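These notes concern the structure reproduced below.
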Amino acid sequence: AQRVTQPEKLLSVFKGAPVELKCNYSYSGSPELFWYVQYSRQRLQLLLRHISRESIKGFTADLNKGETSFHLKKPFAQEEDSAMYYCAERRENAGNMLTFGGGTRLMVKP
Amino acid sequence: EAGVVQSPRYKIIEKKQPVAFWCNPISGHNTLYWYRQNLGQGPELLIRYENEEAVDDSQLPKDRFSAERLKGVDSTLKIQPAELGDSAVYLCASSFSGRGETQYFGPGTRLLVL
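In the order they appear, the protein sequences are chains A and B. In terms of my numbering, the first sequence opens at residue 74 and continues consecutively. In terms of my numbering, the second sequence opens at residue 9 and continues consecutively.
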């Protein structure tokens, strides 16, 4: 069974619209959750992690243990947010091993 | 700082041929990871090294894949012989040791097996 699920392969919004990229995980323990981003022609890089509780580039994500979700949100999308976004999980008994979801391509239209 | 360096960036080979990928991690990073990313999917871990020791290779197809990190710095991932299904992007990442450390990714090697 897929451990990290990103149900949308593609999400298209207009500039200035709110955006939410969905991520669900299956682990019943206490995982760490991350969002990684890959801009066009750039390498995969960390966007944010749930333990930091920070906002990066206007994005936030809240870990909801009841719903086992870690959705990524931004109130007003910008064209430069267009990229591939990957949700990832790290379990407490798995060292530094990450398990990634399948990714969502965000397209922000002008 | 160049970040994680990988070469080659692209490789096209015929099936049954051998292929090798090279990775140079960020200076000082003890932990090195190899991932495979199939088209339309997220990266999947193949093997993780702590210095020169492979500490997690459970996802590495050992019949045709091998990896080494002899001096605890650079690493090589080899496929011999390659199959059509091996076409993917092979990503290398590195981090400091420790569970909370951020992984930094290289640009990847895109392999096409014909």
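Cβ coordinates follow ideal geometry from the N, Cα and C atoms, glycine included. Keep in mind it's a predicted model, so treat the numbers as computed, not measured.
Could you check which residue in A:Arg76, A:Ser101, A:Leu179 and A:Leu106 has the C-alpha nearest to that of Ala150 (chain A)?
Start at 1 with the first residue of the first sequence, and residue 150 (chain A) comes out as number 77. Of the candidates A:Arg76, A:Ser101, A:Leu179 and A:Leu106, the one whose C-alpha sits nearest the C-alpha of Ala150 (chain A) is A:Leu179.
Out of curiosity, what's the CA-to-CA distance linking Thr84 (chain B) and Tyr112 (chain A)?
The residue labelled residue 84 (chain B) in the question sits at position 76 within the second sequence. The residue labelled residue 112 (chain A) in the question sits at position 39 within the first sequence. Roughly 26 Å between the two C-alpha positions.
For Val181 (chain A) and Asp154 (chain A), the rounded distance between their alpha carbons
Locating residue 154 (chain A) in the first sequence gives position 81, counting from the first residue. Locating residue 181 (chain A) in the first sequence gives position 108, counting from the first residue. Their backbone Cα atoms lie some 7 Å apart in a straight line.
Residue range of the beta strand (DSSP E) that includes Gln111 (chain A):
Counting from one through the first sequence, the residue named residue 111 (chain A) turns up at place 38. From DSSP, the beta strand (DSSP E) with Gln111 (chain A) extends over Glu105 to Gln111.
Lys95 (chain A) versus Ala28 (chain B): straight-line alpha-carbon distance, rounded
For the purposes of this step, residue 95 (chain A) is taken as the residue at position 22 of the first sequence. For the purposes of this step, residue 28 (chain B) is taken as the residue at position 20 of the second sequence. Their Cα atoms are separated by approximately 36 Å.
What residues in its chain sit with their C-beta under 7 Å from that of Val121 (chain B), if we drop five residues either side in the sequence?
If you number the second sequence from 1, residue 121 (chain B) lands on position 113. Around Val121 (chain B): Ile21, Lys23, Ala90, Glu91, Leu92, Asp94 and Ser95.
Whole-angstrom Cβ separation of Tyr98 (chain A) and Thr141 (chain A), contact assumed at under 8 Å?
For this step, residue 98 (chain A) is matched to residue 25 along the first sequence. For this step, residue 141 (chain A) is matched to residue 68 along the first sequence. The pair is a contact, with the Cβ atoms about 5 Å apart (cut-off 8 Å).
Enclosing beta strand (DSSP E) for Thr141 (chain A) [first to last residue]:
Along the first sequence, one-based indexing puts residue 141 (chain A) at 68. Unbroken run through Thr141 (chain A): none, as it is neither H nor E.
Less than 7 Å between C-beta atoms, sequence neighbours within five positions excluded: which residues of the same chain meet that for Ser103 (chain B)?
Taking the second sequence and counting its residues from 1, one reaches residue 103 (chain B) at position 95. Correct list, in chain order: His37, Thr39, Glu109, Thr110, Gln111 and Tyr112.
Starting from the beta carbon of Glu109 (chain B), find every residue of chain A whose beta carbon is closer than 9 Å, and list them in chain order.
If you number the second sequence from 1, residue 109 (chain B) lands on position 101. Residues of chain A whose Cβ lies closer than 9 Å to the Cβ of Glu109 (chain B) are, in chain order, Asn169.
Are the beta-carbon atoms belonging to Val63 (chain B) and Pro33 (chain B) less than 7 Å from one another?
To locate residue 63 (chain B), count along the second sequence from 1; it is residue 55. To locate residue 33 (chain B), count along the second sequence from 1; it is residue 25. Going by C-beta atoms, Val63 (chain B) is not nearer than 7 Å to Pro33 (chain B).
Leu85 (chain B), DSSP secondary structure in three states
The residue you call residue 85 (chain B) lines up with position 77 of the second sequence. Judged by DSSP in its simplified three-state form, Leu85 (chain B) adopts strand.
State the beta-bridge partners of Cys96 (chain A) as determined by DSSP.
Looking up residue 96 (chain A) in the first sequence gives position 23. Note: Cys96 (chain A) sits in no beta bridge, so no partner.
I think Ala167 (chain A) touches Phe107 (chain A), with their Cβ atoms under 8 Å apart; what is that distance to the nearest whole Å?
Translated into positions along the first sequence, residue 167 (chain A) becomes position 94. Translated into positions along the first sequence, residue 107 (chain A) becomes position 34. That pair is no contact at about 13 Å.
Determine the direct distance from the alpha carbon of Pro148 (chain A) to that of Asp71 (chain B), and round the result to whole angstroms.
Taking the first residue of the second sequence as position 1, residue 71 (chain B) is located at position 63. Taking the first residue of the first sequence as position 1, residue 148 (chain A) is located at position 75. Distance between the alpha carbons of Asp71 (chain B) and Pro148 (chain A) is about 49 Å.
Which class does Leu117 (chain A) belong to by DSSP, given the choice of helix, strand or coil?
Reading the first sequence from its first residue, position 44 is the one you call residue 117 (chain A). Collapsing the DSSP output to three states places Leu117 (chain A) in coil.
Between the C-alpha atoms of Asp135 (chain A) and Gln25 (chain B), what's the straight-line distance to the nearest angstrom?
Within the first sequence, numbered from 1, the residue matching residue 135 (chain A) stands at position 62. Within the second sequence, numbered from 1, the residue matching residue 25 (chain B) stands at position 17. Spanning the two alpha carbons is a distance of roughly 47 Å.
Between A:Met170, A:Arg76, A:Met157 and A:Gly174, which lies nearest to Leu83 (chain A) when the distance is taken from Cα to Cα?
Here the question's residue 83 (chain A) lines up with position 10 in the first sequence. Residue A:Met157 holds the alpha-carbon nearest to the alpha-carbon of Leu83 (chain A) among A:Met170, A:Arg76, A:Met157 and A:Gly174.
For chain A, find out if any of its Cβ atoms is closer than 7 Å to the Cβ of Pro33 (chain B); answer yes or no.
Locating residue 33 (chain B) in the second sequence gives position 25, counting from the first residue. It does not; no Cβ of chain A falls within 7 Å.
Between Leu53 (chain B) and chain A, is any beta-carbon pair separated by less than 7 Å?
As a working mapping, residue 53 (chain B) is identified with position 45 in the second sequence. Taking Cβ atoms only, chain A reaches closer than 7 Å to Leu53 (chain B), which makes this a yes.
Contained beta strand (DSSP E) runs [length at least 3] in the segment 16-93 of chain B, N- to C-terminal order
Listed in chain order, they are 18-21, 27-32, 39-45, 52-58, 61-64, 73-76 and 83-87.
CB-CB length for Glu60 (chain B) against Arg77 (chain B), believed under 8 Å:
Against the second sequence, residue 60 (chain B) aligns to sequence position 52. Against the second sequence, residue 77 (chain B) aligns to sequence position 69. Confirmed, about 5 Å.
Can you pull the chain A neighbours of Ser95 (chain B), defined as C-beta to C-beta under 7 Å?
Locating residue 95 (chain B) in the second sequence gives position 87, where the first residue counts as 1. Within 7 Å Cβ-Cβ: nothing; Ser95 (chain B) doesn't reach chain A, min ~17 Å.
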